[in-house]
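What follows is a set of notes on a single structure, which appears directly below.
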Amino acid sequence: MFAFFVKRLVSMLLALFGITIIAFGLIRFIPVDPVEAYFTINQIPATEEAMTSMREDMGLDQPLGTQYIVWLSHALQLDFGTSFVSKKAVATELFQRFETTFLLAVTALVIIIVSSLTIGIWSASKNSGWLDWLTRTAIFTIASMPSFWLAFLFIYTVALKWGVLPLMGWGSFAHVILPSITLALGFIPYYIRLIRSSMREEMKKPHVLFARARGVKETVILRTHIFKGILPQLITSLAMTCGGLLGGAAIIENVFAISGVGHFIVEAMLARDYAVLQAFIVIIGGLYIIVNFIADILCAVIDPRVRLKGGAL
Amino acid sequence: MLVACGNSDDKTKKDKAKGENEHVLTISWPKDIGEVNPHLYAPNEMFAQAMIYDPLVRYGNDGQIEPGLATAWEMSQDGKSYIFTLRDNVLYSDGSQLTADNVKRNIETVVENIAPHSWLEVVAVIDRVEVLDKLKLQIHLKEPYYPFLQELTLIRPLRMLGDSGFPASGTTKDGIEKAVGTGPWILTDYKQDNFAEFSRNEHYWGEKPKLEKVIVKIIPDSQARMMALEKGDIDLIFGSGQLAPEELRVLEKNPQYQTLISEPSSTRILSFNSDYGVTQDKDVRLALQYAFDRQTIIEHVLNGIEQEAKSLFAPGFPYSDIPFESYSYDLEKAQQLLDKAGWIFEEGAPFRSKDGQALTITIPYNSNDQVHKSIFEYLQGAWRELGVDVKLIGEEDQLFRTRSKTGEFNVIMNDTWGAPYDPHMYLRMMTGEKQIGHYALKGTAHSEQLAANIAKVIRSTDESERQSLYETILQTIHEEAIFMPLSYRTNYLVANQRLANLSFSMQQFEVPLNQYEVK
Numbered sequence: 001m002f003a004f005f006v007k008r009l010v011s012m013l014l015a016l017f018g019i020t021i022i023a024f025g026l027i028r029f030i031p032v033d034p035v036e037a038y039f040t041i042n043q044i045p046a047t048e049e050a051m052t053s054m055r056e057d058m059g060l061d062q063p064l065g066t067q068y069i070v071w072l073s074h075a076l077q078l079d080f081g082t083s084f085v086s087k088k089a090v091a092t093e094l095f096q097r098f099e100t101t102f103l104l105a106v107t108a109l110v111i112i113i114v115s116s117l118t119i120g121i122w123s124a125s126k127n128s129g130w131l132d133w134l135t136r137t138a139i140f141t142i143a144s145m146p147s148f149w150l151a152f153l154f155i156y157t158v159a160l161k162w163g164v165l166p167l168m169g170w171g172s173f174a175h176v177i178l179p180s181i182t183l184a185l186g187f188i189p190y191y192i193r194l195i196r197s198s199m200r201e202e203m204k205k206p207h208v209l210f211a212r213a214r215g216v217k218e219t220v221i222l223r224t225h226i227f228k229g230i231l232p233q234l235i236t237s238l239a240m241t242c243g244g245l246l247g248g249a250a251i252i253e254n255v256f257a258i259s260g261v262g263h264f265i266v267e268a269m270l271a272r273d274y275a276v277l278q279a280f281i282v283i284i285g286g287l288y289i290i291v292n293f294i295a296d297i298l299c300a301v302i303d304p305r306v307r308l309k310g311g312a313l
Numbered sequence: 001m002l003v004a005c006g007n008s009d010d011k012t013k014k015d016k017a018k019g020e021n022e023h024v025l026t027i028s029w030p031k032d033i034g035e036v037n038p039h040l041y042a043p044n045e046m047f048a049q050a051m052i053y054d055p056l057v058r059y060g061n062d063g064q065i066e067p068g069l070a071t072a073w074e075m076s077q078d079g080k081s082y083i084f085t086l087r088d089n090v091l092y093s094d095g096s097q098l099t100a101d102n103v104k105r106n107i108e109t110v111v112e113n114i115a116p117h118s119w120l121e122v123v124a125v126i127d128r129v130e131v132l133d134k135l136k137l138q139i140h141l142k143e144p145y146y147p148f149l150q151e152l153t154l155i156r157p158l159r160m161l162g163d164s165g166f167p168a169s170g171t172t173k174d175g176i177e178k179a180v181g182t183g184p185w186i187l188t189d190y191k192q193d194n195f196a197e198f199s200r201n202e203h204y205w206g207e208k209p210k211l212e213k214v215i216v217k218i219i220p221d222s223q224a225r226m227m228a229l230e231k232g233d234i235d236l237i238f239g240s241g242q243l244a245p246e247e248l249r250v251l252e253k254n255p256q257y258q259t260l261i262s263e264p265s266s267t268r269i270l271s272f273n274s275d276y277g278v279t280q281d282k283d284v285r286l287a288l289q290y291a292f293d294r295q296t297i298i299e300h301v302l303n304g305i306e307q308e309a310k311s312l313f314a315p316g317f318p319y320s321d322i323p324f325e326s327y328s329y330d331l332e333k334a335q336q337l338l339d340k341a342g343w344i345f346e347e348g349a350p351f352r353s354k355d356g357q358a359l360t361i362t363i364p365y366n367s368n369d370q371v372h373k374s375i376f377e378y379l380q381g382a383w384r385e386l387g388v389d390v391k392l393i394g395e396e397d398q399l400f401r402t403r404s405k406t407g408e409f410n411v412i413m414n415d416t417w418g419a420p421y422d423p424h425m426y427l428r429m430m431t432g433e434k435q436i437g438h439y440a441l442k443g444t445a446h447s448e449q450l451a452a453n454i455a456k457v458i459r460s461t462d463e464s465e466r467q468s469l470y471e472t473i474l475q476t477i478h479e480e481a482i483f484m485p486l487s488y489r490t491n492y493l494v495a496n497q498r499l500a501n502l503s504f505s506m507q508q509f510e511v512p513l514n515q516y517e518v519k
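From first to last, the protein sequence lines are chains P and S. Counting in this note's numbering, the first sequence runs from 1 upward without gaps. Counting in this note's numbering, the second sequence runs from 1 upward without gaps.
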């Protein structure tokens with residue numbers, strides 16, 4: 001187990017280093033640099049002298065290697081520089097918004113887990129009855145609707161017509177409900193399907209049949225044999241979903257007028273705000289890698305086969 | 001229970017304020033207002049800068065220069081210096097007094113940070129500022145610049161910040177300590193990306209606002225804004241940037257709301273590149289002018305909200321009331337012009353050509369702008385009948401603007417600058433490299449003369465000489481057929497019936513909130 005852990009840790013650190021290079025290099029391939037973008041956003045004409053002088057101010061006239069080393073050495077101390085647009089520290093700008101997006105994403109994740117487990121397990125235990133069919137049809141209809149449209153539907157009915165929840169903004173638990181449900185809805189059908197099909201697969205396996213033959217109670221079989229069997233796959237998928245939730249949050253935040261990181265990044269992208277984009281890619285990439293690292297370790301703890309295979313990387 | 005805890009900070013604030021006083025207006029804005037630094041651009045929002053800070057002089061409704069923080073001004077004979085007398089007893093929101101020293105400090109901090117302002121002659125032309133006494137100062141210019149006063153009226157960057165608003169470094173390039181202005185409003189509360197609260201400045205030197213508070217709610221999405229208006233969370237949506245023409249038309253029919261459309265401001269124009277491909281040929285430009293059906297576009301794409309533009313600048317702009325015979329829609333004439341110029345249909349070919357070169361027009365546009373997209377898709381169809389092959393390139397805003405700088409286009413959409421810039425700024429930009437106007441001028445037979453006249457007119461100190469130079473310039477532009485004016489842009493607003501006395505300012509991004517009232 002220790003060897004497995006160390007190997008996973010080393011590969012995680014290597015991946016993190018790779019991400020810093022990608023974050024730094026990739027965004028420089030996007031046409032239009034921050035100085036040009038600055039003038040465009042403000043709809044003012046740029047003179048060559050002005051652009052040169054601003055590039056010097058921002059340190060963009062330095063060789064790329066130098067820029068990278070300076071940036072990385074600061075980034076290691078969680079100093080991601082200053083936003084080209086707001087002139088404030090990127091770390092402060094990002095973290096204060098992450099808080100909001102994080103709450104939104106975590107609530108959505110809880111909704112995803114609770115609802116898809118409930119419906120998925122229930123659906124798998126029924127043998128394709130008409131109720132099962134109806135539930136699945138309803139869920140997939142919702143899943144096929146674009147999230148921004150669903151958001152408007154919710155705002156219009158729940159907030160505007162019934163007036164039971166706030167229309168937009170942020171500040172209390174009531175503000176979290178509609179956006180997080182909207183965000184979660186896009187993912188729930190996938191998980192229901194995943195749970196349902198992998199449970200059915202698991203049910204057919206010999207160890208389940210033997211357990212039944214031994215006369216073990218159905219609830220025990222479900223908990224210790226079937227559910228435990230699908231858990232590694234479920235954990236891995238959820239770890240991947242964390243990133244998807246942050247991406248989906250951008251659209252939701254815009255519609256619900258929530259000041260989260262999603263909306264902020266879209267703005268930073270339009271402004272080619274390198275400092276913000278670099279920090280964002282590193283943080284999100286880092287989170288992804290760390291979450292997946294934890295998921296791997298969890299899977300290894302649950303399933304000895306994983307650590308045996310993984311140990312022989 | 002959910003309802004009970006459903007009030008956000010901002011909502012509670014608004015309700016509380018409303019409960020105490022009915023003279024509170026809530027307006028939506030798509031973006032955060034920034035720290036409201038009077039001397040910088042984004043993320044500082046212009047309407048907020050205009051609420052807090054005052055200029056030395058103002059742009060009046062008829063284009064006349066009116067007193068602002070300065071009550072009197074005098075230009076020297078050679079046009080190279082101005083003496084301003086400041087209004088006495090003007091207080092900043094921190095209680096400090098407006099003085100010549102403070103104004104000098106403001107101007108100098110802007111001039112020191114010239115890079116972002118280098119496009120703006122009013123900053124670039126300033127040589128030095130001299131304090132004559134407590135309320136008198138002299139601004140010396142490097143050379144005469146007749147629109148100096150006009151550009152001093154701009155919302156940024158030459159409005160005045162109180163001394164306590166300057167940061168420790170002394171230069172506002174690094175940001176401001178706090179928003180301390182002399183304007184009608186004071187920023188009293190703010191939560192980034194959420195809301196801003198402005199309260200009436202009780203010490204304001206001019207006519208005080210009738211409203212006590214203005215709450216600005218940040219709502220980036222246009223549908224969400226409309227629903228907020230319907231729910232009563234906001235009272236007002238201001239500006240064409242927040243509402244599409246068709247959305248305005250929908251809300252107009254609803255008796256719950258009042259709508260208002262402003263007088264014409266800037267001009268939407270389709271600009272030719274006279275130095276690229278087929279539009280180097282003046283006859284092609286002329287033919288397209290006659291094949292340009294403004295009425296249909298205005299009616300169907302712009303929902304009749306804008307007026308047909310027959311000249312580069314709307315009537316009423318300085319030096320712009322010059323009668324031309326505009327190119328009115330005449331498809332037959334357009335066809336004749338092309339035939340005569342040798343652009344003909346080869347047998348079986350769908351488009352015209354000349355000496356083996358097809359009559360292909362490249363038009364890039366901002367794909368996020370629905371209005372641009374619709375206009376060009378219409379033109380693509382309409383000009384096909386004329387035998388013109390229109391190639392559309394839809395791109396993200398930044399890429400679109402970058403392409404506009406390369407000159408790789410035949411036709412491109414752009415706007416004139418509106419008050420207080422027009423006509424001098426749009427024309428001046430024609431002489432700058434990589435500008436859309438420059439590509440329009442570059443390939444014409446009279447480009448050098450035109451550029452020389454433009455350079456001359458902005459330095460001229462003689463009113464009659466300026467008038468005659470502008471006439472010559474605008475006449476040449478018209479004859480060379482390098483711009484196709486489409487419509488005069490208008491600004492508009494939608495408000496609920498609580499509000500009264502709604503109006504617009506001459507400057508597009510200024511919301512005249514100090515005149516608005518709650519019924």
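We treat Cβ as the ideally placed atom computed from N, Cα and C, and that holds for glycine.
| message | Once DSSP output is grouped into helix, strand and coil, what is the label at threonine 224(P)? | response | Counting from one through the first sequence, the residue named residue 224(P) turns up at place 224. Correct three-state label for threonine 224(P): helix.
| query | Does glycine 162(S) come within less than 9 angstroms of chain P when only Cβ atoms are used? | reply | One-based indexing of the second sequence puts residue 162(S) at position 162. No, because no Cβ of chain P sits closer than 9 angstroms to the Cβ of glycine 162(S).
| query | Are the beta-carbon atoms belonging to valine 411(S) and phenylalanine 313(S) less than 9 angstroms from one another? | reply | On the second sequence, position 411 is the one that residue 411(S) refers to. On the second sequence, position 313 is the one that residue 313(S) refers to. Going by C-beta atoms, valine 411(S) is not nearer than 9 angstroms to phenylalanine 313(S).
| field | Assigned secondary structure, proline 245(S) (DSSP; H/G/I helix, E/B strand, else coil) | value | In the second sequence, residue 245(S) corresponds to position 245, counting from 1. Note: proline 245(S) maps to helix in three-state DSSP.
| query | Who pairs with glycine 25(P) in a beta bridge, going by DSSP? | reply | Mapped onto the first sequence, residue 25(P) falls at position 25. Paired residues: none, contrary to the question.
| request: Use the C-beta contact count for alanine 50(P): other C-beta atoms within 10 angstroms, 16 or more gives buried, fewer gives exposed. | output: For this step, residue 50(P) is matched to residue 50 along the first sequence. Classification of alanine 50(P): buried, given that the 10 Å Cβ count is 16 or more.
| query | DSSP three-state call for valine 494(S): helix, strand or coil? | reply | Along the second sequence, read from residue 1 onward, the residue named residue 494(S) stands at position 494. In this structure, valine 494(S) counts as strand in the three-state DSSP scheme.
| request: For my contact list, threonine 362(S) and lysine 333(S) are in at a C-beta cut-off of 8 angstroms; report their separation, rounded to the angstrom. | output: Position 362 of the second sequence, counted from the start, is the residue given in the question as residue 362(S). Position 333 of the second sequence, counted from the start, is the residue given in the question as residue 333(S). Threonine 362(S) to lysine 333(S), Cβ: 24 angstroms. No contact.
| So which of Phe2(P), Leu94(P), Gly215(P) and Ala46(P) has the shortest CA-CA distance to histidine 117(S)? | Counting from one through the second sequence, the residue named residue 117(S) turns up at place 117. Out of Phe2(P), Leu94(P), Gly215(P) and Ala46(P), Ala46(P) has the C-alpha closest to the C-alpha of histidine 117(S).
| request: Could you name each continuous beta strand (DSSP E) segment of 3 residues or more that falls completely within the region 106–151 of chain S, going from the start of the chain to the end? | output: 126–133 and 136–141
| query | Does the pairing of the region 207–217 of chain S with the region 21–29 of chain S give three or more beta-carbon distances under 8 angstroms? | reply | yes
| request: Would you verify that the beta carbon of glutamine 67(P) is, or is not, closer than 9 angstroms to some beta carbon of chain S? | output: As a first step, residue 67(P) is located in the first sequence; it is residue number 67 there, counting from the start. Glutamine 67(P) does not count as touching chain S.
| field | Interface positions of the region 177–195 of chain S facing chain P (Cβ-Cβ less than 8 angstroms), listed along the chain | value | Gln192, Asp193 and Asn194
| said: Between which residues of its own chain and aspartate 101(S) is the CB-CB distance below 7 angstroms, once the five residues before and five after are set aside? | reply: Numbered from 1 along the second sequence, position 101 holds the residue referred to as residue 101(S). Excluding positions up to five away in sequence, the list reads Val131.
| What are the complete alpha helix (DSSP H) segments, minimum 4 residues, inside the region 415–472 of chain S? | 424–429, 436–442 and 447–459
| field | Contacting residues, own chain, Cβ-Cβ under 8 angstroms from phenylalanine 140(P) (five flanking each side not counted) | value | As a working mapping, residue 140(P) is identified with position 140 in the first sequence. Correct list, in chain order: Pro189.
| field | Length at least 4, wholly inside the region 101–185 of chain P: the alpha helix (DSSP H) runs in chain order | value | 130–143, 147–154 and 173–185
| message | Between the alpha carbons of glutamate 396(S) and asparagine 368(S), how many angstroms are there, rounded? | response | Position 396 of the second sequence holds residue 396(S). Position 368 of the second sequence holds residue 368(S). Between glutamate 396(S) and asparagine 368(S), the C-alpha separation is close to 7 angstroms.
| request: Tell me whether the beta-carbon of methionine 484(S) lies closer than 9 angstroms to the beta-carbon of tyrosine 327(S). | output: Taking the first residue of the second sequence as 1, we reach residue 484(S) at position 484. Taking the first residue of the second sequence as 1, we reach residue 327(S) at position 327. Cβ distance < 9 angstroms, so methionine 484(S) and tyrosine 327(S) count as in contact.
| said: In chain order, what are the residue ranges of uninterrupted beta strand (DSSP E) at least 3 long that sit wholly in the region 222–298 of chain S? | reply: 236–238, 257–261 and 267–272
| field | As assigned by DSSP and simplified to three states, the class of tyrosine 535(S) | value | Not covered by the structure: residue 535(S). The range shown for chain S is 1 to 519.
| field | Rounded C-alpha distance that separates valine 250(S) from alanine 295(P) | value | The residue you call residue 250(S) lines up with position 250 of the second sequence. The residue you call residue 295(P) lines up with position 295 of the first sequence. If I take the Cα positions, the gap works out to 51 angstroms.
| said: Quick check on serine 76(S): does DSSP put it in helix, strand or coil? | reply: Numbered from its first residue, the second sequence carries residue 76(S) at position 76. In this structure, serine 76(S) counts as coil in the three-state DSSP scheme.
| task | Go to isoleucine 375(S), then tell me how far its alpha helix (DSSP H) extends in each direction, as first and last residue. | result | Locating residue 375(S) in the second sequence gives position 375, where the first residue counts as 1. 370–386 is the span of the alpha helix (DSSP H), which, as asked, contains isoleucine 375(S).
| message | Using 8 angstroms for Cβ pairs, my map puts alanine 257(P) next to proline 220(S). What's the rounded Cβ distance? | response | Counting from 1 along the first sequence, the entry for residue 257(P) is found at position 257. Counting from 1 along the second sequence, the entry for residue 220(S) is found at position 220. With 8 angstroms as the limit, alanine 257(P) and proline 220(S) qualify as a contact, their Cβ atoms being about 6 angstroms apart.
| task | Along the alpha helix (DSSP H) that carries threonine 212(P), what are the first and last residues, could you check? | result | Along the first sequence, read from residue 1 onward, the residue named residue 212(P) stands at position 212. Note on residue identity: the sequence assigns arginine, not threonine, to residue 212(P). Note, arginine 212(P): alpha helix (DSSP H), 206–213.
| said: With three or more beta-carbon pairs closer than 8 angstroms as the criterion, would you say the region 421–439 of chain S touches the region 488–505 of chain S? | reply: no
| Around the C-beta of lysine 16(S), are 16 or more other C-beta atoms found within 10 angstroms, so that it is buried, or is it exposed? | One-based indexing of the second sequence puts residue 16(S) at position 16. Reliability fails at lysine 16(S), whose pLDDT of 45 lies under 50, so the model's placement of it is uncertain and no value is given.
| query | So, does the CB of arginine 272(P) fall closer than 9 angstroms to a CB anywhere in chain S? | reply | Position 272 of the first sequence, counted from the start, is the residue given in the question as residue 272(P). Closer than 9 angstroms: yes.
| request: Give, in chain order, every residue of the region 97–116 of chain S whose Cβ lies closer than 9 angstroms to some Cβ of chain P. | output: Ile114, Ala115 and Pro116
| query | Using a beta-carbon distance below 9 angstroms, is proline 45(P) in contact with chain A? | reply | Going by chain labels, chain A is absent from the structure shown, which instead holds the protein chains P and S.
| query | Which whole-angstrom value describes the C-beta separation of glycine 387(S) and leucine 338(S), a residue pair presumed to lie in contact below a C-beta threshold of 8 angstroms? | reply | As a position in the second sequence, residue 387(S) is number 387, starting the count at 1. As a position in the second sequence, residue 338(S) is number 338, starting the count at 1. Indeed, because the Cβ distance is near 7 angstroms, the residues count as touching under 8 angstroms.
| field | The beta strand (DSSP E) enclosing arginine 58(S), as first and last residue numbers | value | Here residue 58(S) refers to the residue found at position 58 of the second sequence. Taken as a continuous stretch (DSSP letters only), the beta strand (DSSP E) holding arginine 58(S) covers 57–59.
| query | Between glycine 319(P) and isoleucine 436(S), what straight-line distance do the alpha-carbon atoms span, to the nearest angstrom? | reply | For residue 319(P) there is no data in the structure shown, the boundaries of chain P being 1 and 313.
| Can you tell me whether DSSP reads tryptophan 71(P) as helix, strand or coil? | Within the first sequence, residue 71(P) is the residue found at index 71, counting from 1. DSSP places tryptophan 71(P) in helix when its eight states are reduced to three.
| query | Are histidine 140(S) and lysine 80(S) touching if we call contact CB-CB under 9 angstroms? | reply | Sequence index remark: in the second sequence, residue 140(S) carries index 140 (1-based). Sequence index remark: in the second sequence, residue 80(S) carries index 80 (1-based). Yes.
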